[in-house]
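In the working numbering, the protein residues as written are 27 to 686.
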């Protein structure tokens, strides 16, 4: 291995701290200026000129095109990709190469997106506008610049599918490509990470990064590490990753925002029988405590507080805990965790039981997250409550939040269908400026009236009527729910109607791509959690467009309005017709959590009037709840990042731990 290669593998960028005070204000102004410095209309004009120039390449035979690709590739590398002419020429040959190798000629909006990605931006492209090919255009440019490029997808299936689909383009452009899946062994991973372009999930990428840092041991400075590897001849010189140079993040809002505070942890089971016994005792004690009498529930903050009577009641039960846990502070800690698990973590909403194991369900995607565990005893307490085998607590060997991990890349860019609401945060934390790419064809999506109901049961009955109305008209219907439990309730109601439907949630997820791909067939009914919002196209069947296209029903709004908009994007793609209807009940979880009881009483009164004005006021409360929820989530993400910085400083000062 060349010295420069070893250094490149071990080096990571120092992202620095978040800007605060006046520096923070100046930084936000800089972000605003950057977002407005290059309007999408100007970039679209540039992309159109590139596409027009690429038309002249149609007359080249294959050998001539291959010769030109080789020449342009070398020129682009030598220009250090700062030469606008070299970049435009490179994009032109990529367009022609894609047309011949994939049978897909990029539209100007896709070229615009690829150009914006290459310049380090976050690109908003509507669902169905061809983000996969857009990312490939940027990936080729990054590959030609000599930097390994990681394309981050939401699951293993998409990583393999996208790489397989695009491999002919990469081969034609003289670039190697690979993908990483959870089943791959270390040797396979090393080979794939050495390719020019590798498709991988955030979980696998961050996990392999942590394993590399553990292999490096206490010496994480790239120069010192490489010298030690060369002189000692130890195995730690053979790292899996080829450095953190470029990441193109698909569904960036999910990875960089929703999963930001999630930590990727390398751990090992550590037997701790006293702790497990303490969890069992805490569950028993918590079952004897009564809400409002012994403790208060603050749903908005997801917090439990013991009353004076509750503390007194708990004191009489301390003897049930192991000796080490009988002090008031430790007893209160473990019992509060048991109450939190009981009040805020619900089966078929936050987790499911599969093969007698508790599997976490991702709140924003609805997908299962096998291998992930809650910390601080929550996992063990829930396993005890569900009467399954209790897993041993894990001893943490290495940890990194996804938020911090992606800040380590030299260049970060991404794509999403919905950036509104998080664009300021993405600039503040990742210095990602957003660019909204116009649709290739005008949208034909119709947003229908949004009915308001007092009770959940009344709302669900109206949902069934709406589904059946469009089903009888021959239109396919996609129904979105927030939880597994909600999807199963609707499934029961549809079974009573005697219609055939598909159910897609975290329990029935194995055939996700196949189920979603069939959701556009005439008369199809598909019930799905929000996991259906990403990754697989819904193509309309024969004759469906004439009937009005896909009809999307959203049964309950999410805490993030952009998740709702992601689901809306399942219909009316690429100029197809489609419609959306959203339902709300005063009993919806969003309003229950973020609107105080007196506010809900007012909403009940307004909803009972059934006028257009009162319905709009109720929907204003929904929007206000979403803003409140996202503000809280943003503060939580900033707090996690500050804590990461503090931990790094502490470990650096003490000379211990895994320093990233």
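Even for Gly, the Cβ is constructed at its ideal location relative to N, Cα and C.
Computed from a predicted model, the values in this text were never measured in an experiment.
Which one or two residues does DSSP pair with residue 204 in a beta bridge? Counting from one through the chain shown, the residue named residue 204 turns up at place 178. Residue 204 pairs with 224.
By Cβ distance below 8 Å, which residues in the same chain neighbour residue 647 in space, the five residues on each side in sequence not counted? Within the chain shown, numbered from 1, the residue matching residue 647 stands at position 621. Result list for residue 647: 617, 621, 625 and 629, in chain order.
Are there 16 or more other CB atoms within 10 angstroms of the CB of residue 37, so buried, or fewer, so exposed? Working through the chain shown from its first residue, we reach residue 37 at position 11. That one is buried.
Given residue 283, which residues of its chain have a CB within under 6 Å of its CB, disregarding the five upstream and five downstream residues? Counting from one through the chain shown, the residue named residue 283 turns up at place 257. Cβ within range, chain order: 448.
Going by DSSP in three states, residue 261 sits in which element: helix, strand or coil? Here residue 261 corresponds to residue number 235 of the chain shown, with the count starting at 1. Per-residue confidence for residue 261 stands at a pLDDT of 46, beneath the threshold of 50, marking its modelled position as unreliable; the derived number appears in the next sentence. Residue 261: helix per DSSP, three-state reduction.
Looking at C-beta atoms only, is the number of pairs between the segment 424 to 432 and the segment 270 to 286 that lie closer than 8 Å three or more? Using a Cβ-Cβ distance cut-off of 8 Å, the segment 424 to 432 and the segment 270 to 286 are in contact, since at least three pairs of beta carbons, one from each stretch, lie closer than that value.
May I ask which residues mark the beginning and end of the beta strand (DSSP E) holding residue 460? Position 434 of the chain shown holds residue 460. Element bounds for residue 460: 459 to 462.
Would the beta-carbon of residue 302 fall within 8 Å of that of residue 416? Working through the chain shown from its first residue, we reach residue 302 at position 276. Working through the chain shown from its first residue, we reach residue 416 at position 390. For the pair residue 302 and residue 416, the CB atoms are nearer than the 8 Å cut-off.
Can you list, in chain order, the residues of its chain with a C-beta nearer than 7 Å to that of residue 456? Leave out the 5 residues immediately preceding and following it. Residue mapping note: residue 456 aligns to position 430 of the chain shown, counting from 1. Excluding sequence neighbours, residue 456 sits near 282, 432, 433 and 438.
Using a Cβ-Cβ cut-off of 6 Å (strictly less than) and excluding sequence neighbours within five positions of residue 641, which residues of its own chain qualify? Your numbering for residue 641 matches position 615 in the chain shown. Correct list, in chain order: 478.
Taking 7 Å as the cut-off, does the CB of residue 372 come closer than this to any heavy atom belonging to the ligand ZN? Absence of the ligand ZN from the depicted structure is noted, as is the absence of any ligand whatsoever, leaving it without description.
Supposed close pair residue 662, residue 387 - CB separation, criterion 8 Å: For the purposes of this step, residue 662 is taken as residue 636 along the chain shown, with counting starting at 1. For the purposes of this step, residue 387 is taken as residue 361 along the chain shown, with counting starting at 1. About 19 Å separates the two Cβ atoms, so there is no contact after all.
Inspect the CB distances between the segment 136 to 143 and the segment 194 to 206 and report whether three or more fall short of 8 Å. Short answer: they don't touch.
Straight-line CA distance for residue 341 to residue 356? As a working mapping, residue 341 is identified with position 315 in the chain shown. As a working mapping, residue 356 is identified with position 330 in the chain shown. Distance between the alpha carbons of residue 341 and residue 356 is about 12 Å.
Closest to residue 584 by CA distance: which of 610, 361, 47 and 317 is it? Here residue 584 corresponds to residue number 558 of the chain shown, with the count starting at 1. Among 610, 361, 47 and 317, the Cα nearest to that of residue 584 is on 610.
Spatial neighbours of residue 132 within its chain, please: CB distance less than 7 Å, with the 5 preceding and 5 following residues excluded, ordered by chain position. Translated into positions along the chain shown, residue 132 becomes position 106. Closer than 7 Å at the Cβ level, and outside the excluded window around residue 132, lie 121, 124, 159 and 163.
Spatial distance of residue 261 from residue 144 (CA atoms): Residue numbering aside, residue 261 sits at position 235 when the chain shown is read from its first letter. Residue numbering aside, residue 144 sits at position 118 when the chain shown is read from its first letter. Low confidence applies here, because residue 261 scores a pLDDT of 46, under 50, leaving its location unreliable and the question unanswered by this model.
Pick out the complete beta strand (DSSP E) segments inside the segment 580 to 616, 3 residues or longer, and give them in chain order. Listed in chain order, the complete beta strand (DSSP E) runs (minimum 3 residues) inside the segment 580 to 616 are 603 to 608.
Do you know offhand how far residue 57's Cα is from residue 320's? Your numbering for residue 57 matches position 31 in the chain shown. Your numbering for residue 320 matches position 294 in the chain shown. If you take the alpha carbons of residue 57 and residue 320, they lie about 49 Å apart.
Contacting residues, own chain, Cβ-Cβ under 6 Å from residue 233 (five flanking each side not counted): Residue mapping note: residue 233 aligns to position 207 of the chain shown, counting from 1. Once the five neighbours on either side are set aside, the close Cβ partners of residue 233 are 290.
Are residue 151 and residue 463 closer than 8 Å when you measure CB to CB? As a first step, residue 151 is located in the chain shown; it is residue number 125 there, counting from the start. As a first step, residue 463 is located in the chain shown; it is residue number 437 there, counting from the start. The answer is yes: Cβ separation under 8 Å.
Quick check: the Cα distance between residue 103 and residue 450, rounded to an integer number of angstroms? If you number the chain shown from 1, residue 103 lands on position 77. If you number the chain shown from 1, residue 450 lands on position 424. When rounded, the distance between both Cα atoms is 33 Å.
Is it the case that the Cβ atoms of residue 201 and residue 174 are separated by a distance below 8 Å? As a first step, residue 201 is located in the chain shown; it is residue number 175 there, counting from the start. As a first step, residue 174 is located in the chain shown; it is residue number 148 there, counting from the start. Going by beta carbons, residue 201 and residue 174 fall outside the 8 Å limit.
Quick check on residue 330: buried or exposed, where buried means 16 or more other Cβ atoms within 10 Å of its Cβ? Translated into the one-based positions of the chain shown, residue 330 becomes position 304. Around the CB of residue 330, 16 or more other CB atoms lie within 10 Å, so the residue is classed as buried.
Considering just the uninterrupted stretch of the alpha helix (DSSP H) at residue 688, what are its terminal residues? The requested residue 688 is not part of the displayed model; the chain covers only 27 to 686.
In three-state terms, what does DSSP make of residue 414? Counting from one through the chain shown, the residue named residue 414 turns up at place 388. The answer is coil: DSSP assigns residue 414 none of H, G, I, E or B.
Apply the 10 Å Cβ neighbour rule to residue 354 and answer buried if 16 or more other Cβ atoms are within range, or exposed otherwise. Here residue 354 corresponds to residue number 328 of the chain shown, with the count starting at 1. Exposed.
Contacts around residue 128, its chain only, beta-carbon distance under 8 Å, and the 5 residues preceding and following it disregarded: Here residue 128 refers to the residue found at position 102 of the chain shown. 159, 191, 192, 194 and 195, listed in sequence order.
Do residue 603 and residue 546 have their CB atoms nearer than 8 Å? For the purposes of this step, residue 603 is identified with residue 577 of the chain shown, where counting begins at 1. For the purposes of this step, residue 546 is identified with residue 520 of the chain shown, where counting begins at 1. Not in contact: residue 603 and residue 546 (Cβ atoms no closer than 8 Å).
From residue 70 to residue 114, what distance separates their C-alpha atoms? Along the chain shown, one-based indexing puts residue 70 at 44. Along the chain shown, one-based indexing puts residue 114 at 88. Their backbone Cα atoms lie some 13 Å apart in a straight line.
Please say whether residue 458 and residue 44 have beta carbons closer to each other than 8 Å? Residue numbering aside, residue 44 sits at position 18 when the chain shown is read from its first letter. Residue numbering aside, residue 458 sits at position 432 when the chain shown is read from its first letter. With respect to residue 458, residue 44 sits apart: the two C-beta atoms are not nearer than 8 Å.
Coarse secondary structure for residue 499, derived from DSSP in three states: Taking the first residue of the chain shown as position 1, residue 499 is located at position 473. Here residue 499 carries a coil assignment [DSSP, helix/strand/coil].
Which complete beta strand (DSSP E) runs does the segment 311 to 343 hold, if anything under 3 residues is left out? Taking only runs of at least 3 residues, the beta strand (DSSP E) segments lying wholly in the segment 311 to 343 are 321 to 324 and 329 to 332.
Ignore the nearest five residues each way along the sequence and tell me which others in residue 116's own chain have a CB closer than 7 Å to its CB. Along the chain shown, read from residue 1 onward, the residue named residue 116 stands at position 90. Excluding sequence neighbours, residue 116 sits near 98, 102, 167 and 170.
CB residue 586 to CB residue 553, shorter than 8 Å? Reading the chain shown from its first residue, position 560 is the one you call residue 586. Reading the chain shown from its first residue, position 527 is the one you call residue 553. Result no, Cβ atoms of residue 586 and residue 553 do not sit closer than 8 Å.
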